[in-house]
Amino acid sequence: MEDIKMTSTKALYAKLKPELDAAFSAVMASMGMEERPQVQAFAESIATHLQVPHATPCANGTDALQLALLSLQLPAGTEVILPAFGHEAIAATVAGVGLQPVFADVDMQTFTLDPASVERYITPATGAILAVHQFGQCAPMQELLALAQKYKLWLVEDVTQALGAIYVGEDEKERKAGAIGHVGYTSFFPTKPLLDSGEGGAAFTRQSELAERMLQITRNGMDGKYTFNSRLDTLQAAMLDVKIKYVEEYNEARQEIARFYDNAFAESELVQAPHRATYSSQIYHQYTIKVAPEVRNGLQQHLSDNFIPSAIYYPHPLHLLEKYTSGKYKPGDFPVAELLSQSVLSLPMHSELKEDQLGYICRHVLTYVKQRG
């Protein structure tokens, strides 16, 4: 059996090598650093994929979130509501552009923002809701859009883990994640769905006014008092323009892997497989199980001892990190986020996993939880 990897970019590079090498050669032959035609081509490709009219590439996902937020022209100190269960970098970026992160709890099944919790934290100072499509599945956008309309707020979509996911509202119309809110952004870091070999990001919108602001920010390098100098590398753009043609194929392959996991864990009451929301497809950026908190850390160590990688996303609820509490939050404020931080574990998930590897992973998970059950 081959070594098990948490993710796999090398094998996918081998599959696309002829196209990627040709794109690399075209960039080096043209040396069109000023014209940057590859960046424009990729901007058009991702806009087409997301079914939005405007997309602005930039250097990385953090810059893409900054660009999305700056385009909204929110006054300094404006509150932005985001999930307490998530990556600290999101809260840090919100604070970094002079806005105030405010947290809300998440749904126990989907790990995404709970609209009821969001509404409890809306104040006159609130300017935006930041919905993270966690682990590859959309947040409940219809309910969040209703809140945004009711309180006259912006709705920002984080698509870094859900590129290609499809949302279906009550009107039964299918929309791509990132094309539902007012503005969205994504990252092309190697661990993300597009599996780039370097950095990169993009912000996108259906609103021409926001798109024009983003373009002005990236061209002028300045928005008010914030310096912004972030451009997607030409070579990365060329590589991404190849890979975006295969994003659906990547997603379908991960969904097939997820079905193997689902079947393996179906009869166990000790392992909860990822929930599939009725309103969204699930592209399984991560395959994240839930186990009893007293079992989780031991299970991770057991897997490591048997050469199986795993990851804990996220071990610390954001509202309990000292830099964000400011006396405002305390343990117990967001019980779901707190419980998830103690009970989730992400297993290897990528399109190149083989059946013998998956069987080996599942056997070790089930054996351990049964012994400790």
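Counting from 1, one number per residue, gives the positions in the sequence shown under full-length UniProt numbering. Ideal placement from N, C-alpha and C gives every residue a C-beta, glycine not left out. All values reported here derive from a predicted model rather than from experimental measurement.
Could you check where the alpha helix (DSSP H) with residue i kicks off and where it finishes?
i	result
Leu-240	234–243
Gly-298	293–305
Phe-42	37–50
Please list the terminal residues of the continuous beta strand (DSSP E) segment that includes residue i.
i	result
Gln-281	The sequence given here places Ser at residue 281; Gln does not occur at that position. From DSSP, Ser-281 is part of no beta strand (DSSP E); its letter is neither H nor E.
Asp-158	154–158
Leu-130	126–132
Arg-254	Looking at the DSSP string, Arg-254 is not in any beta strand (DSSP E); the run it does join, the alpha helix (DSSP H), is 247–265.
Tyr-287	287–290
Pro-57	54–58
Leu-74	Premise fails: Leu-74 is in no beta strand (DSSP E) and is neither H nor E.
Ser-187	183–187
Val-168	166–168
Leu-345	344–347
Taking 7 Å as the cut-off, is the CB of residue i close to at least one heavy atom of the ligand ATP?
i	result
Lys-176	This structure simply doesn't include the ligand ATP, nor any ligand for that matter.
Residue i to residue j, Cα distance in whole Å?
i	j	result
Ile-180	Thr-367	42 Å
Ala-92	Leu-321	11 Å
Tyr-314	Leu-303	18 Å
Ile-129	Arg-175	19 Å
Val-118	Gly-77	18 Å
Glu-88	Gln-301	24 Å
Tyr-279	Arg-372	35 Å
His-182	His-364	44 Å
Leu-232	Ala-41	12 Å
Asp-158	Gly-184	6 Å
Gln-73	Arg-120	24 Å
Gly-178	Ile-46	11 Å
Arg-276	Tyr-287	12 Å
How close, in whole Å, do the beta carbons of residue i and residue j come, if the pair is a contact with beta carbons under 8 Å?
i	j	result
Val-247	Pro-193	6 Å
Phe-85	Leu-235	Wrong, their Cβ atoms sit about 35 Å apart, outside the cutoff.
Glu-79	Ala-146	The pair is not a contact, with the Cβ atoms about 19 Å apart (cut-off 8 Å).
Tyr-261	Ala-273	6 Å
Phe-228	Ile-244	Contact flag wrong, Cβ pair sits at about 24 Å.
Ile-289	Leu-358	Not quite, the Cβ-Cβ distance comes to about 13 Å (not below 8 Å), so this is no contact.
Report all residues from its chain with a CB closer than 8 Å to the CB of residue i; omit the five preceding and five following residues, and keep chain order.
i	result
Thr-325	His-319
Gln-100	Gly-77, Thr-78, Glu-79, Val-80, Val-94 and Ala-125
Leu-69	Val-80, Thr-93, Val-94, Val-97, Leu-99, Ala-128 and Val-156
Thr-112	Pro-83, Val-106, Ala-131, Val-132, His-133, Gln-134, Gln-137, Cys-138, Ala-139 and Pro-140
Met-1	Lys-354, Asp-356, Gln-357 and Tyr-360
Taking 6 Å as the limit between beta carbons, can you name the residues of its chain near residue i, skipping five residues before and five after?
i	result
residue 391	Lying before the first or after the last residue shown, residue 391 is absent from the chain, which here runs from 1 to 373.
Met-141	Tyr-167 and Ile-180
Gly-169	Gln-142
Tyr-151	Ile-122
Go through its chain and collect everything with a Cβ distance to residue i's Cβ below 7 Å, but skip five positions before and after it.
i	result
Thr-310	What sits at residue 310 in the sequence shown is Ser, not Thr. The residues are Gln-300, Leu-303, Leu-345, Ser-346 and Leu-347.
Val-27	Gln-38, Thr-234, Leu-235 and Ala-238
Pro-115	Pro-140, Glu-143, Leu-144 and Leu-147
Unbroken alpha helix (DSSP H) runs of length 4 or more, entirely within the segment 82–108: which are they?
88–96
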